[in-house]
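Those sequence lines, one after another, are chains P and X.
The first sequence begins at 698 in this note's numbering and counts up one residue at a time.
The second sequence begins at 698 in this note's numbering and counts up one residue at a time.
Number of protein chains: 2
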Amino acid sequence: MLMPNSPITLADVARLAGVSKITVSKTLNNTGRISEGTRERVLKAVSDLGYVVNSAARSLRGGKTGVLGMVIPELVSPYFAEVARAAADEASQCGFDLGVFTTSRDVTKERARIGTLLGGLADGLLVVVPSGNEKFLLSLERSRAPIVLINHFGVQTHLPMVRADSYLGAKAAILHLLSLGHRRIGFVTGAVGSSQAAERLRSYREVLAAQGLLDENLIRQGNFTQRGGFEAARELLELPELPTAIFAASDVTAFGVIDAIKDKGLRVPDDISVVGFDDIPAASQVHPALTTVRHPVQAMAQAAMQLILDAFADKPVRDTLIEFPSELVIRESTKAINL
Amino acid sequence: MLMPNSPITLADVARLAGVSKITVSKTLNNTGRISEGTRERVLKAVSDLGYVVNSAARSLRGGKTGVLGMVIPELVSPYFAEVARAAADEASQCGFDLGVFTTSRDVTKERARIGTLLGGLADGLLVVVPSGNEKFLLSLERSRAPIVLINHFGVQTHLPMVRADSYLGAKAAILHLLSLGHRRIGFVTGAVGSSQAAERLRSYREVLAAQGLLDENLIRQGNFTQRGGFEAARELLELPELPTAIFAASDVTAFGVIDAIKDKGLRVPDDISVVGFDDIPAASQVHPALTTVRHPVQAMAQAAMQLILDAFADKPVRDTLIEFPSELVIRESTKAINL
DNA sequence: TAAATTTGGGGTAACGATAACCCAAACAAA
DNA sequence: TTTGTTTGGGTTATCGTTACCCCAAATTTA
Chain P
698 MLMPNSPITL ADVARLAGVS KITVSKTLNN TGRISEGTRE RVLKAVSDLG
748 YVVNSAARSL RGGKTGVLGM VIPELVSPYF AEVARAAADE ASQCGFDLGV
798 FTTSRDVTKE RARIGTLLGG LADGLLVVVP SGNEKFLLSL ERSRAPIVLI
848 NHFGVQTHLP MVRADSYLGA KAAILHLLSL GHRRIGFVTG AVGSSQAAER
898 LRSYREVLAA QGLLDENLIR QGNFTQRGGF EAARELLELP ELPTAIFAAS
948 DVTAFGVIDA IKDKGLRVPD DISVVGFDDI PAASQVHPAL TTVRHPVQAM
998 AQAAMQLILD AFADKPVRDT LIEFPSELVI RESTKAINL
Chain X
698 MLMPNSPITL ADVARLAGVS KITVSKTLNN TGRISEGTRE RVLKAVSDLG
748 YVVNSAARSL RGGKTGVLGM VIPELVSPYF AEVARAAADE ASQCGFDLGV
798 FTTSRDVTKE RARIGTLLGG LADGLLVVVP SGNEKFLLSL ERSRAPIVLI
848 NHFGVQTHLP MVRADSYLGA KAAILHLLSL GHRRIGFVTG AVGSSQAAER
898 LRSYREVLAA QGLLDENLIR QGNFTQRGGF EAARELLELP ELPTAIFAAS
948 DVTAFGVIDA IKDKGLRVPD DISVVGFDDI PAASQVHPAL TTVRHPVQAM
998 AQAAMQLILD AFADKPVRDT LIEFPSELVI RESTKAINL
């Protein structure tokens, strides 16, 4: 109502309501005894003035801000976006706001961002695949605020972690293709340096090698992008003997693979079956709907939130590792081989 | 090094360095005169202890947190993800961190979130399409922290805004299709209630009506999802006389449309041309690459950041409205009509 | 030599909210 | 009437940082 630059404080509310600051604070936080009449006057004053608590002050005093931070490499990748969404949902359920901060895979930024958040802006932190070195993680372990690592496969740490399995999920996908009669199964890898991508590739190699079906020539480098999948698949499709199925290290990669197959005039799954990984929302919306391996991001987010809450409650969480199995979701992009 | 629960403060650093808190503060902020020797001792102590400034305290004192907040309906939508990415990039360039908060299109949440952020956690706010009512926006206008509205088309406000045009962009797309000889042009709308979707539809109607080509039967309801586009397109493809082109209100919708066309055994663009809207990253990565209307999100983010910086510098920004033209990007999904 | 300036650094208070404690008044019990 | 208890609410101190002001020593200037 007055100056645009006049932040409204407890004192303003107290003055208008004719009580002390403490009474206002107690009213808003439901601590202490307040008579009904006073409570109403206070609430009216709060509403009239449009007062909102200053989280910085509350945090400084030792209280909570009600904000959790999430540090994530990027948002444009559907998988990360989905992880962020799940975490925000869970946080919201638990009465927290989730602020998502991207690092653009830049270690310095990652570190700076986390430092800022820990510096009183957030009550806790969800850190997705930090590339951080050991010293950095050590410094995180010392932090006052609870921290949970998500999908971390790097250096050892005592910080609690939540992970999704990649190895067994990939294995299930390959076994599915084998059971459909496929023998020449191509693979488009994920980005170099991704530990999850490495796990998926390892699984592919081991399962096929065990069957005597491993052909290194059927492995092509992707990068988790659609274009990467497209180009890798195009190479596979120029082989003298075509693969009858292609396993892509991510759903987005699989979309590129499907594009390439269709571009070549072939059909999915009639000519070539395709399996993805992640089960991003789009996977079930494309045509043919994508057979893929689902990372249980919702369950992971739930577990991560629980760890945060446990830490708030001073339960011991150090060295906790919760790993979720991934699950094969069979849709329309895979089919028994044509005889 | 010591207790895990011992946040390190200026006082700790000061003690180790053998100086006062103020000297440490001055050193870190480059204010005041500090001798070279003292500076080095302080910096060493900071590094040894792993000190990070407590942003809450700094904010309370009247300083900046270095964090900007962005409030956005959701993250899973590629368009919003792209807007968030652009904003984060720009913020980063200007030395800020950007925390992204989703509202899940829930007005209460939106309001609560913004309140929290304004309460000392963020120095400024980028608010994307708030569904807020007038009273709420009024309360935002009173805020101490700078706020910029992005793509807001709702109730009037004095808050500075950055927008992307939808009307002219859609017009350019339709004119493009007309110039290619298309006369039966289908339209798949966006979500009900989206002001941008409404603009695009209005443009479609007006341009085609002006040519005497408007056929309400060629308009189908979408919802900005791929499935929505798929189903709407399937309806269009069952018309006795097929459209030769389909304009989708978003790229994601267009992907669904393309799926439906291919599913029907038809080809894009040979049988039916498709145009999207937004130019999300995937648009250029699919095959055929999507002809679409680009929203200049990077430029918008840049303008929004500039407004925030201007507000910091006490320049007047009230009632500023910056509108960016959208731009037709012609790729492979459109083609002259077959004769 | 005395006065003025610079250099380097510290003391104090304040930002806004709240936990812990305290204090009146009103009422009940003995 | 006296003591004890509840009710309703205020006082004080504190979180970590920094703006403002002050002070002592060193150096320069008159």
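A virtual CB, placed ideally from N, CA and C, is assigned to each residue, including glycine.
Every value quoted in this text rests on a predicted model; they were computed, and no experiment measured them.
- Scanning chain X for C-beta atoms nearer than 8 Å to the C-beta of P/Asn751 yields Leu757, Gly816, Gly817, reported in chain order.
- Legend: CB atoms of the stretch 779-792 of chain P lying less than 9 Å from CB atoms of chain X belong to residues Glu779, Ala781, Arg782, Ala785, Asp786, Ser789.
- When the Cα atoms are used, X/Thr922 and X/Phe952 turn out to be separated by approximately 9 Å.
- Distance from the Cα of X/Ser981 is smallest, within the candidate group X/Arg758, X/Asp948, X/Val721, X/Val768, for X/Asp948.
- Against chain X, a Cβ distance below 8 Å from P/His984 picks out Phe927, Asp956, Ala957, Lys959, Asp960.
- The bridge partners DSSP lists for X/Asp975 are X/Arg991.
- Under DSSP, P/Arg860 shares a beta bridge with P/Glu1020.
- Contact between P/Ile916 and P/Ile943 is absent: CB atoms are separated by about 11 Å, not below the 8 Å threshold.
- Between X/Pro966 and chain P, the shortest Cβ-Cβ separation is not below 8 Å.
- For P/Ala754 against X/Leu757, the beta-carbon gap comes to about 5 Å, under 8 Å, which counts as contact.
- The beta carbon of P/Val826 sits no closer than 8 Å to any beta carbon of chain X.
- Nearest to X/Ala945 by C-alpha distance, out of X/Gly747, X/Asp976, X/Pro843, is X/Asp976.
- Judged by DSSP secondary structure, X/Phe884 falls outside any alpha helix (DSSP H) and instead within the beta strand (DSSP E) spanning 882-885.
- For X/Ala942, the secondary structure class from DSSP, reduced to helix, strand or coil, is strand.
- For X/Leu795, the enclosing beta strand (DSSP E) starts and ends at 794-799.
- Listed along chain X, the residues sitting closer than 7 Å to P/Pro704 by beta-carbon distance are Arg841.
- Close to X/Gln923, with beta-carbon spacing below 7 Å, are these residues of chain P in chain order: Ala979, Gln982, Val983.
- Under the 8 Å Cβ criterion, the stretch 791-803 of chain X does not count as touching the stretch 722-741 of chain P, having fewer than three qualifying pairs.
- In this chain, the alpha helix (DSSP H) harbouring X/Leu740 covers 733-746.
- Following the DSSP letters along the chain, one finds P/Leu934 in no beta strand (DSSP E), marked with neither H nor E.
- Just so you know, the alpha carbons of P/Glu932 and X/Arg991 end up roughly 31 Å apart.
- Within the same chain, Cβ atoms closer than 7 Å to the Cβ of X/Lys961 are found at Leu934, the five residues on either side in sequence being excluded.
- P/Arg899 sits in a helix when the DSSP states are folded into three classes.
- X/Pro1022 and X/Ala861 have their C-alpha atoms spaced approximately 6 Å apart.
- Distance from the Cα of X/Leu1006 is smallest, within the candidate group X/Gln790, X/Val852, X/Glu838, for X/Gln790.
- When only Cα atoms are considered, P/Val768 and P/Arg810 end up about 8 Å apart.
- Check the Cα spacing between X/Gly796 and each of X/Tyr776, X/Asp820, X/Pro775, X/Ser774: the tightest is with X/Asp820.
- Ranked by Cα distance from X/Leu872, the options X/Glu1024, X/Asp709, X/Thr706, X/Pro704 are led by X/Glu1024.
- By the Cβ rule, the stretch 892-908 of chain X counts as touching the stretch 866-882 of chain X, because three or more pairs are nearer than 8 Å.
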